[in-house]
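I have placed the structure first, in the form of structure tokens, so that the comments after it can refer back to it.
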Amino acid sequence: MAREMLGVICNPLTSTLWCGLGQRNITVAADGKWFVADSCTSLSSSIQGFAMPLIAQTVTGSPAQATLLDSIMTMISSVLRLPGGVVQDKYDRKNL
146 MAREMLGVIC NPLTSTLWCG LGQRNITVAA DGKWFVADSC TSLSSSIQGF
196 AMPLIAQTVT GSPAQATLLD SIMTMISSVL RLPGGVVQDK YDRKNL
């Protein structure tokens, strides 16, 4: 429906999420791999975000230290995502 509103005509066998928006054409099989990879990444991040503070509280016995660990992990992740995104955009993804 949205593609029709944009006036974009895509082949359903080779269509992408960004079909007609100037992006390279990725096959449906590659979209499936992307979906699985992205889902696994989201699941592992969610499990880590839930389990690490619980493990820290079990080890230290202090909710405050578990919260501190969770805050430190969030800050480190936020700081490292920016340069990681720059590297990902700058270099060919096949070589990374």
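Anchor point for the sequence shown: position 41 equals 186 in the working numbering, and the numbering is continuous, going up by one each time.
Every residue gets a Cβ at the ideal spot worked out from N, C-alpha and C, and that includes glycine.
Since we're looking at a predicted model, the values are computed, not measured.
Query raised in the report: Does DSSP put Arg238 in a helix, a strand or coil?
Result: The sequence position of residue 238 within the sequence shown is 93, counting from 1. Here Arg238 sits in coil by DSSP.
Query raised in the report: From Ser223 to Ile217, what does the alpha carbon distance come to, in whole angstroms?
Result: Sequence index remark: in the sequence shown, residue 223 carries index 78 (1-based). Sequence index remark: in the sequence shown, residue 217 carries index 72 (1-based). Ser223 and Ile217: Cα-Cα distance of roughly 10 Å.
**Report entry** Classification of Val201 by the beta-carbon crowding that lies within 10 angstroms, buried from 16 upward
**Finding:** Along the sequence shown, read from residue 1 onward, the residue named residue 201 stands at position 56. Note that residue 201 is Ala in the sequence shown, not Val. Buried, because 16 or more other Cβ atoms sit within 10 Å of the Cβ of Ala201.
Query raised in the report: By DSSP, does Gly229 sit in helix, in strand, or in coil?
Result: The residue you call residue 229 lines up with position 84 of the sequence shown. Looking at Gly229 - three-state DSSP - the assignment turns out to be helix.
Query raised in the report: Does the beta-carbon of Pro198 have 16 or more other beta-carbons within 10 angstroms, so that it is buried, or is it exposed?
Result: Within the sequence shown, residue 198 is the residue found at index 53, counting from 1. Buried.
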